[in-house]
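**Student:** The sequence shown lines up with residues 176 to 662 when you count with the numbering used here.
Cβ coordinates follow ideal geometry from the N, Cα and C atoms, glycine included.
After the structure tokens below, expect a handful of questions from me.
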Amino acid sequence: MKKIFLTAISIVSIAAFAQTKNDAEFTKKITYKIEVSENDLQGYDQSEYDKVTYDHYLSANGKESLLSFYYNDQSLYSYSGESNFYIKNNQMIPFTINGISKTINYSAPSAFKIVSNQQTVAKLDKKGTFNGLSCQYYAVLSDPENKESYDFCFCIDENNKIDNASSVFPDAKIKGLILSVEPNADSYKLVYKSVENTDLTLNLDTNKMLADIEEYQNTSVEDYAVETADAVTEATYDYAGSNNMYQDPLYTYGYDGAGFDNYKLYNYIAPVYSVTSSSLYDTKEYNSGGTFTRNQVLKLYKDLSKSMVKSLSSTKMITKDEKKQLTDFFNTNIKAAGTFKPDVAQETVTGDWNATDFATADTAAIATDYDYSYYAKYKPAYNNISVDEVSLAYDILEAESLKENAPDYCEGLKNKIPAFQNTELQKHVYNLTGQICDLYLYNNGGYVDYTGTINSMRKSYLEIEKLRDSLSKKDQKLLLEFLKSLD
């Protein structure tokens, strides 16, 4: 089983765009909470985990279920949200519910098998007890001979009348109530808390959903290329740049764990790509009838990735090193996505042509048709800025280690400003050098208003120049010496 299933219970997920029709009914809600181990060496805060709730909804026939988890923090800048996974036939399928229309959205590429064809569910040589209930441990193994090689294990009360194990592991012939989910490390565990009857109905065409996913998973990249080559021999073809889209950095990042030291980080980037990969289908660059632009998807990617890393860090679900790995990964892909050139969506083309015609599209036409209107136009606003109160992103960094990303002089900067005779000079020198600190932190660990920072710098630079001729020789000397001393 991919590790994404078990560590997915600690992520924030966003799914895709595909309307559904029929109903799925769930009659029981089983609630779980995370408990931090007393032997935890990561320093995780139990109070942060208490803000996360996990509900497992079961259908009346027990063949399908819904995993819903949500994080709720009342602080101003923290993420509050819900993520949902539909489970059936050994498939874990992320999806979203639109608040007003109640439309279900999902993405075939983001779904995965809970237990892969190369894995097996095996009984472990240990038992457990939770809330007075006894249970037997099981794990998903790639090597049946090595029962210590698992990443996560489950403790299942096989005598319990409540059965959610069958929906999660339909081919393992295991029945009972899952009492805990634990990583192969004594850090934390997901523990059963309560169960109640419920009446939840979702407008969900599960047959179509599963058929779409099965088709996607059974179709290799080579098969798709053959199908595409066959399709382009038709006399009429509505080209949507789909081939090029599959190489778009906003669509794919590979399936090798993205080069992370810890494979669980793969699970944190998957939700971001779930929404961007699906969104690309409805962009003007890849769909002649698209409703928005790829630049909007790129902006969304930046916002989602930034919010994801911040939320994971603030809840202590990742270490400082893992945060750096995620940040580096997203920054690298943001740069790649920014330079990637998508094919231009064409109107319906009629006539005889070769499959390579679009691959050799005129680059000048691409440049002409590309929509850059999403970028913010420059507005000369710096002249009216007030710097009476200097506010720096450097002063509110989440971790001390992030200060290494800015010059050394930034630490305690206010107290390092020389005692100029001209108080206006003192104020603007502090603001100018402080905003420079923030600029080093933009997309580098700090939450920086890029345009606002530049405008504030320009304002102080202008005011310093306006003051220069009136400065005393002492102030001029102090200013030069101070600027030369900065690292």
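Compare the beta carbon distance of Leu678 and Asp423 with 8 Å and say whether it is the shorter of the two.
**Tutor:** As displayed, the chain neither begins before 176 nor continues past 662, which places residue 678 out of reach and without an answer.
**Student:** In three-state DSSP terms, what is Met267?
**Tutor:** DSSP places Met267 in strand when its eight states are reduced to three.
**Student:** As a quick exercise: from Phe201, Glu638, Tyr426, pick the residue whose alpha carbon is nearest that of Arg469.
**Tutor:** Closest option to Arg469, Cα to Cα, is Tyr426.
**Student:** Compute the Euclidean distance between the alpha carbons of Ser449 and Lys641, then round it to the nearest angstrom.
**Tutor:** Their Cα atoms are separated by approximately 52 Å.
**Student:** Below 7 Å CB to CB, which residues in the same chain sit around Gln601 once its five sequence neighbours on both sides are set aside?
**Tutor:** Result list for Gln601: Ile592, Phe595, in chain order.
**Student:** What are the partner residues of Ser240, as DSSP defines its beta bridges?
**Tutor:** BP columns for Ser240 point to Leu233, Ile262.
**Student:** Compare the C-alpha of Tyr313 against each of Asn359, Thr202, Asp225 and name the closest.
**Tutor:** Nearest option by C-alpha distance: Asn359.
**Student:** If Val366 sits next to Phe305, beta carbons under 8 Å apart, how far is it from one beta carbon to the other, in whole angstroms?
**Tutor:** The Cβ separation is near 6 Å, so the contact holds.
**Student:** Quick one: Cα of Leu299 to Cα of Lys208, how far?
**Tutor:** Those two C-alpha atoms are separated by around 23 Å.
**Student:** Thinking just about the alpha-carbon of each residue, which of Ser480, Ile268, Asp662 is nearest to the one in Leu588?
**Tutor:** For the residues Ser480, Ile268, Asp662, the minimum Cα distance to Leu588 belongs to Asp662.
**Student:** Name the residue from Leu385, Pro582, Gln221, Ile639 whose alpha carbon lies nearest to the alpha carbon of Cys668.
**Tutor:** Nothing can be reported for residue 668, as the shown portion of the chain is limited to 176 through 662.
**Student:** Short of 7 Å in beta carbon distance, which residues of its chain neighbour Thr295, apart from the five on each side in sequence? Order them along the chain.
**Tutor:** Excluding sequence neighbours, Thr295 sits near Leu316, Pro319.
**Student:** Count the other CB atoms, across all protein chains shown, that sit within 10 Å of the CB of Gln311; report buried if there are 16 or more and exposed otherwise.
**Tutor:** That one is buried.
**Student:** Identify, in the order they occur along the chain, each residue of the same chain with its Cβ nearer than 7 Å to the Cβ of Ala568, setting aside the five sequence neighbours on each side.
**Tutor:** Here the set comprises Asp613, Leu616, Gly621, Tyr622, Val623.
**Student:** Is Leu365 helix, strand or coil when you go by DSSP?
**Tutor:** Here Leu365 sits in strand by DSSP.
**Student:** Leaving aside the five residues before and after Leu577 along the sequence, list all residues of the same chain whose C-beta is less than 6 Å from its C-beta, in chain order.
**Tutor:** Same-chain partners within the cutoff: Gly620.
**Student:** Within its chain, find whatever has a CB closer than 7 Å to the CB of Thr466; leave out the 5 residues flanking it on each side and keep chain order.
**Tutor:** Here the set comprises Asp457.
**Student:** Could I get the ranges of all uninterrupted beta strand (DSSP E) runs contained in the region 579 to 660, with 3 residues as the minimum, in chain order?
**Tutor:** Whole beta strand (DSSP E) segments, 3+ residues: zero.
**Student:** Measuring CA to CA, which of Met632, Leu385, Val370, Asn597 is closest to Lys648?
**Tutor:** The option with the nearest alpha carbon to Lys648 is Asn597.
**Student:** Buried or exposed: Thr514, going by 16 or more other Cβ atoms within 10 Å of its Cβ?
**Tutor:** Burial call: exposed.
**Student:** Are Leu607 and Tyr636 close, meaning C-beta to C-beta below 8 Å?
**Tutor:** It is a contact, given that the beta carbons lie within the stated cut-off.
**Student:** At a cut of 8 Å, does the region 372 to 383 reach the region 345 to 355 through at least three beta carbon pairs?
**Tutor:** Contact fails: fewer than three Cβ-Cβ distances are below 8 Å.
**Student:** So is Leu655 buried or exposed if we call it buried at 16+ other beta carbons inside 10 Å?
**Tutor:** Per the 10 Å Cβ criterion, exposed.
**Student:** If you follow the beta strand (DSSP E) that Gln293 is part of, which residue opens it and which one closes it?
**Tutor:** Neither: Gln293 is in no beta strand (DSSP E) and is coded neither H nor E.
**Student:** Could you compute how far the alpha carbon of Lys238 sits from the alpha carbon of Ser222?
**Tutor:** If you take the alpha carbons of Lys238 and Ser222, they lie about 35 Å apart.
**Student:** I need the DSSP call for Val472, collapsed to helix, strand or coil.
**Tutor:** It is helical.
**Student:** Tell me the DSSP secondary structure of Val447 in three-state form.
**Tutor:** Val447 falls in the helix class under three-state DSSP.
**Student:** Is DSSP giving Ala406 helix, strand or coil here?
**Tutor:** For Ala406, the pLDDT reaches just 43, beneath the cut-off of 50, and the residue's location in the model is therefore unreliable, although a value from the coordinates is still provided. Helix, per DSSP.
**Student:** Shortest alpha-carbon distance to Leu473 belongs to which of Thr451, Leu308, Ile493, Ser482?
**Tutor:** Comparing Cα positions, the closest option is Thr451.
**Student:** Looking only at its own chain, which residues have a Cβ that is under 7 Å from the Cβ of Val447, when we skip the five neighbours before and after it?
**Tutor:** Excluding residues within five positions, the ones whose Cβ falls inside 7 Å are Tyr476, Leu479, Ser480, Met483.
**Student:** So who's on the other strand from Gly303, going by DSSP bridges?
**Tutor:** According to DSSP, which records beta bridges pairwise, Gly303 is partnered with Cys310.
**Student:** Just the C-alpha distance for Lys510 and Ala340, rounded to the nearest angstrom, thanks.
**Tutor:** Roughly 43 Å separates the two Cα atoms.
**Student:** I'd like to know whether the C-beta atoms of Leu242 and Phe201 end up nearer to each other than 8 Å.
**Tutor:** No, the Cβ-Cβ distance between Leu242 and Phe201 is not below 8 Å.
**Student:** What's the call for Leu653, buried or exposed, on a 16-neighbour Cβ count within 10 Å?
**Tutor:** It counts as buried.
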